[in-house]
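Residue numbers (my numbering), protein chains in the order written: chain A, 1 to 275; chain B, 1 to 167. C-beta: ideal position from N, C-alpha, C; glycine also. These numbers come from a predicted model, not from an experiment. Just below is one structure, and these are the notes that go with it.
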Amino acid sequence: MKPRRFDYVRPDSAEEAVAVLAEYGDAASVLAGGQSLMAMLNLRVAEPAVLVDIARLKELDYIRVANGKVEVGAAVTQNQLKDWPELGGRLPLLAAALPFVGHFQTRNRGTVCGSIAHADPSSEIPLVLAALGGEVVLRSQRGTRVLAAADFQRGVMTTARAPDELIVAARFPTQWTRGVAFREVARRHGDFAIIAVAACVEDRNTLRIGIGGVADRPAVQHAPISVAADAKDMFEKLAQELEGYDDLHASARLRRDLLRRVGPVVVEEALRCAA
Amino acid sequence: MRRVNKDERTRISFTLNGRAVSGEAESRMLLTDFLRHVIGATGTHVGCEHGVCGCCTVLIDGVAARSCLTLAVQAEGRAVTTVEGLAAPDGALNALQQAFQRHHALQCGFCTPGILMSFTDYLARNPHPTEDEIRDVLSGHLCRCTGYAGIVAAVRAVSAGNSKQPS
Ligand code: FES
Ligand code: FES
C-alpha cells in the first residue's frame with residue numbers, strides 16, 4: 001500500500017527539528033532510517049500529518065566516548081555502529097546483539113536511536129540498552145533531559161518521549177568484561193525475535209540478565225554470580241513472573257518455554273567467556 | 001529547511017546510474033514508484049512494499065537499501081544505482097550477473113534485481129565472504145523459485161574470481 005498524504009519537512013539542524021516538533025507535537029513523526037516507520041506508513045498503521053526527516057543531520061551523526069559511556073547520535077545507522085572498530089572492545093554485548101538486528105540491508109539505513117524510539121518489546125538494541133543501564137538523551141525547546149533506559153521505555157511501543165522532544169542520542173555504559181552472551185529465537189534469521197536473552201558478567205559477584213520478547217518491555221535482572229549454578233530455577237521463576245504474550249509469531253506459552261530453555265544456555269555462555 | 005506540503009507536487013532530482021534525472025512527485029511518493037512510474041526505470045521490482053522481500057533493493061550513495069522504505073524526496077541529491085546500472089553500456093553483463101546466469105541463480109527473475117544490488121554493495125566491502133556471510137546477506141531477500149543454492153554458488157564463484165586475497 002501507499003502512505004497517506006503528509007507534509008514532509010527536512011530541517012537543516014537539530015534546533016530547527018525541535019522547533020518543528022514544538023509546532024506540531026503529536027501530529028508529527030520523526031523519520032530517521034525509516035525501517036519501521038516507513039513500513040507503518042505504507043501499511044497505514046501510522047498516519048502522521050507531518051514527517052520530520054532527521055537522517056541527514058550531520059550534527060547527530062557521531063559516535064563518541066565520554067565519561068565512561070559510548071554516545072551514539074540519532075543519525076547513526078545500525079551498521080555504522082556495528083562496523084565501528086572500538087565496538088567489540090567497549091561494548092561486547094552490543095557487538096554480539098547487532099548482527100541479529102534486521103538484515104544487512106535494513107541495518108544500512110535503520111538507526112540505533114530509531115530502534116530505541118520504536119520500542120518494540122522484542123527488539124535487540126533497546127534490550128541491550130536496558131541490560132547495560134544506558135540512557136536516552138531528549139532535546140526540546142524546553143531544554144535537554146536524560147532518562148534512564150528503564151524510565152524511557154514504558155510499554156509496547158510506548159516511551160516517555162514527549163511529543164515535542166527529539167531523541168538526539170543514546171548512551172551505553174562502557175563494559176569492563178568479556179563475559180557476554182546474546183541469543184535469540186526467530187522464525188527466520190533477521191526476523192522479529194520471539195524471545196531474546198542477553199547476559200553479561202558485571203564483576204566478580206554480579207550478573208546482569210536482559211530478556212526481550214516476553215514482557216511488554218525489556219526485563220532486566222541483576223543476580224549474584226552464584227545463581228548461575230541454578231540458572232534453571234531462576235528462569236523458571238522469571239518465566240512465571242513475566243508471563244509472555246500471544247501474537248502472530250508465538251503464543252505466551254511458547255515464549256515462556258523458550259525462555260526456560262535458552263536462558264540457562266546464555267548465562268553459561270557468558271560465564272564461560274568471562275573465564 | 002526543505003519542505004513539501006501534502007497537496008504539493010515538487011521537483012525531485014538525483015543521479016541515477018551516473019545520469020542526472022528529475023521528475024515531479026508528492027511528498028508521499030515512494031522511491032520505488034518514482035523510479036518505475038516517473039522515471040520509467042522498471043528494473044527495480046516491488047514485492048511486499050513493507051521491507052520484507054528485498055526485491056526493491058537499490059544502492060543509495062553506494063549503500064544497499066530498500067527503495068520501498070525510502071521516499072523519493074529522501075533521494076534528493078543522492079547517487080542512486082539500480083540493476084540497470086550494472087551491465088556495460090553495450091549490454092555486456094558484469095561478473096556478478098554472468099555468475100548468476102552460469103549458476104542458475106534465477107528462474108523467474110523477480111527477486112534478482114534486489115539480490116544483485118545487495119551483493120554489489122556487500123562484495124565491495126567484503127570481497128571474500130564465507131558461505132555463512134553470504135547466507136546472512138541473503139536472509140534479507142525472499143526468492144520463491146531457486147531455493148537459494150544457485151545464488152550462493154554464484155556469489156561464491158564471483159568471490160573466488162576476485163583478485164584480492166582474503167585479509
Ligand atoms: S518491495 Fe521493498 S522489501 Fe519488498
Ligand atoms: S527467481 Fe523467482 S523469485 Fe527468485
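Using a CB distance cut-off of 8 Å, residue 104 of chain A counts as an interface residue toward chain B. Pairing residue 12 of chain B with residue 20 of chain B gives a Cβ-Cβ distance that is not under 8 Å. The C-beta of residue 6 of chain A comes closer than 8 Å to at least one C-beta of chain B.
Excluding residues up to 5 positions away in sequence, 139, 140, 141, 164, 165, 166 lie with their Cβ nearer than 8 Å to the Cβ of residue 18 of chain A in the same chain.
The DSSP-derived three-state label of residue 245 of chain A is coil.
Residue 106 of chain A and residue 63 of chain B have their C-alpha atoms some 10 Å from each other. Chain B has a Cβ within less than 8 Å of the Cβ of residue 42 of chain A. Our two residues, residue 232 of chain A and residue 198 of chain A, have alpha carbons roughly 15 Å apart in a direct line. A distance of 8 Å or more separates the beta carbons of residue 138 of chain B and residue 158 of chain B. Contiguous beta strand (DSSP E) elements confined to the stretch 62 to 123 of chain B occur at 63 to 66, 79 to 81, taking only those with 3 or more residues. In terms of side-chain proximity, the C-beta atom of residue 55 of chain B is found nearer than 7 Å to a non-hydrogen atom of ligand 1. Straight through space, the alpha carbons of residue 75 of chain A and residue 90 of chain A are spaced by roughly 20 Å. Contact between residue 79 of chain A and residue 65 of chain B does not hold, since the beta-carbon distance rounds to 11 Å and is not under 8 Å.
Closer than 8 Å to the CB of residue 204 of chain A there is not a single CB belonging to chain B.
Rounded to the nearest whole angstrom, the C-alpha separation of residue 234 of chain A and residue 45 of chain A is 38 Å. Annotation: Cβ neighbours of residue 12 of chain A in chain B (cutoff 9 Å, chain order): 1, 2.
In this structure, residue 68 of chain B has its CB at a distance of at least 7 Å from all heavy atoms of ligand 2.
Just so you know, the alpha carbons of residue 125 of chain A and residue 247 of chain A end up roughly 21 Å apart. Residue 155 of chain B and residue 86 of chain B have their alpha carbons spaced roughly 15 Å apart. At least one CB atom of chain A sits nearer than 8 Å to the CB of residue 51 of chain B.
Taking residue 34 of chain B as the centre and dropping the five residues before and after it, the same chain places the C-beta of 25, 72 closer than 6 Å to its C-beta, in chain order.
One Cα belongs to residue 83 of chain B, the other to residue 6 of chain A, and the distance between them is close to 30 Å. Against chain B, the CB of residue 80 of chain A has no partner CB under 8 Å away; the residue lies outside that interface.
Chain-order list of chain A residues neighbouring residue 24 of chain B: empty, with the shortest C-beta distance near 14 Å, by a criterion of under 8 Å.
Residue 156 of chain A places its beta carbon 8 Å or farther from that of residue 146 of chain A. A Cβ-Cβ separation of about 29 Å leaves residue 99 of chain B out of contact with residue 14 of chain B under the 8 Å criterion. DSSP lists B:20, B:79 as the bridge partner or partners of residue 15 of chain B.
Within the same chain, and ignoring the five residues on either side of residue 194 of chain A in sequence, the residues whose Cβ sits closer than 8 Å to its Cβ are 122, 184, 185, 186, 187, 213, 249, 250, 254, 255, 258. Each residue's CA atom was taken as its position, placing residue 3 of chain B and residue 149 of chain B some 46 Å apart.
In this structure, residue 204 of chain A lies away from residue 220 of chain A, with their beta-carbon atoms at least 8 Å apart.
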